[in-house]
Amino acid sequence: MTAKKNAQIVLNYHPAVDDTPSEDVLGYEECPYPTLTKEGEVIVKTVYLSVDPTLRFAMNANLVPYYLKPWKPKQVVYGIAGVGVIVESKDERFSKGDVVMSKVLNWPWKAFFTEQGDNTRKIDPRVTNGKLSVLLGLLGISGMTSYFCVREKGNIIKGAGQTFVVSGAAGSCGIVAGQIARLDGVGKVVGICGSQEKCRYLTDELKFDAAIDYKTDNVKEEIRRLCPNGVDIYFDNVGGEISRIVIEQMNQNGHVLLCGQISEYDKGMIYPFPVPPEIKQTLENKNLTRDRFHVLDYKEKFEEATKNICKWIAEGKLTLRESVEEGLENAPRAYFDMMRGKNIGKQLVHVSDP
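Number 115 in my numbering belongs to position 77 of the sequence shown; there are no gaps in the numbering.
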């Protein structure tokens, strides 16, 4: 009988916390196929992996946020989320073929793995019309983060003509945030991203009012031109110089929605990052809110959010492009390409078919 094959992604070594990791920090290797040793266990086959910028922190030997499982050299790495199917079960609640996700923010980058049934959540694939990748995008952490960040922190007043600016606008959170802001009633949506292709996607397909290519445009001049009445709400995905420019153009009593700070991830700090003195002064002078945000603070509202998002999807009002890398062996490339801004929308790895 031929032995069943398995494979995983491992951390080769801890990179320096204040430098951009090189691609050899992650490796692909074969590993033993899992077995069930006790009642209550299941074997899961990974179908899709979610690839997320915050995983940069899991690489560190220290400075790892509480919600991430720290990566250890020569051991399998863990992502925020994945979706898979049961291939074998010793838990009466699960049967072969069930679609599952994890109840916690841990999904091993592994083709097959053993998990406790208590940590596993069964999913009805009809929720997404059988398109399982949606569970990691619009209905995953990215979608929930954007939904709650906009709705809980945005202070959108329908019909007030507010201007909403989003950086990292062609990433998974930025795309969803801009659309939800429009659905909730802002007057203008402006996206900042890193290529003309991304700008066209935002304006032509998603109907953003305008988009700025920070690599070729003068961001300060474009913000002034496109937002002549100032910026009321800023969905911040990037931090750094771009955020400084936008915050300078914000109106009195505006709101900074602190979703991510990707430009700061290789600087040896941990979220929430220190606010530079000049930005802190602007926040105080203009009475701007800039609250720390984490999506897990709203878990009790996930069911309601899922219903609303599914309704918008069905009505054609909410969409999210996917950038899909094929094969577990290419998961490291998917991560580093995402961090270089090569993706549009949700970055995924397709590991297997259900």
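C-beta: ideal position from N, C-alpha, C; glycine also.
Quantities reported herein were computed from a predicted structural model and do not represent experimental measurements.
From the DSSP output, read off the bridge partner residues of residue i.
i: S1; result: Absent from the model: residue 1. The displayed extent of the chain is 39 to 392, so no value can be given.
i: H293; result: I271 and T327
i: R159; result: M139
i: I124; result: V82
i: W350; result: Per DSSP, none; premise fails for W350.
i: W147; result: W147 pairs with nothing; no bridge assigned.
i: Q154; result: E79
Which first and last residues belong to the alpha helix (DSSP H) in which residue i is found?
i: A45; result: Premise fails: A45 lies in the beta strand (DSSP E), A45 to L49, not in any alpha helix (DSSP H).
i: F132; result: Note, F132: premise wrong, no alpha helix (DSSP H); not H, not E.
i: E259; result: V257 to L264
i: Y373; result: A369 to M377
Would DSSP call residue i helix, strand or coil?
i: P111; result: strand
i: E77; result: coil
i: M307; result: coil
i: C231; result: strand
i: Y239; result: helix
i: E68; result: strand
i: Y400; result: Nothing in the structure corresponds to residue 400, since the chain is present only between 39 and 392.
i: Q287; result: coil
i: L87; result: strand
i: Q319; result: helix
i: R164; result: helix
i: A99; result: coil
i: A54; result: coil
i: S60; result: coil
Assuming residue i contacts residue j under a Cβ cut-off of 8 Å, what Cβ separation, rounded to an integer in Å, is found between them?
i: T183; j: C297; result: 6 Å
i: S140; j: K134; result: That belief does not hold up - the Cβ atoms of S140 and K134 are roughly 18 Å apart, past 8 Å.
i: V89; j: G65; result: About 16 Å separates the two Cβ atoms, so there is no contact after all.
i: I261; j: W147; result: That pair is no contact at about 39 Å.
i: I213; j: G383; result: 6 Å
Locate the beta strand (DSSP E) running through residue i, then write down its first and last residues.
i: A248; result: A248 to D251
i: K384; result: K384 to H388
i: T92; result: T92 -> no beta strand (DSSP E), and no H or E assigned at all.
i: V362; result: E360 to E364
For a test of your reading of the model: does the CB of residue i fall under 6 Å from any non-hydrogen atom of the ligand GTP? Yes or no.
i: S171; result: Here there are no bound small molecules, and the ligand GTP is not part of this structure.
Segments of 4+ residues assigned as alpha helix (DSSP H) that fall wholly inside the region 169-228: Within the region 169-228, the runs of alpha helix (DSSP H) that reach at least 4 residues and sit entirely inside it are, in chain order, 179-191 and 210-222.
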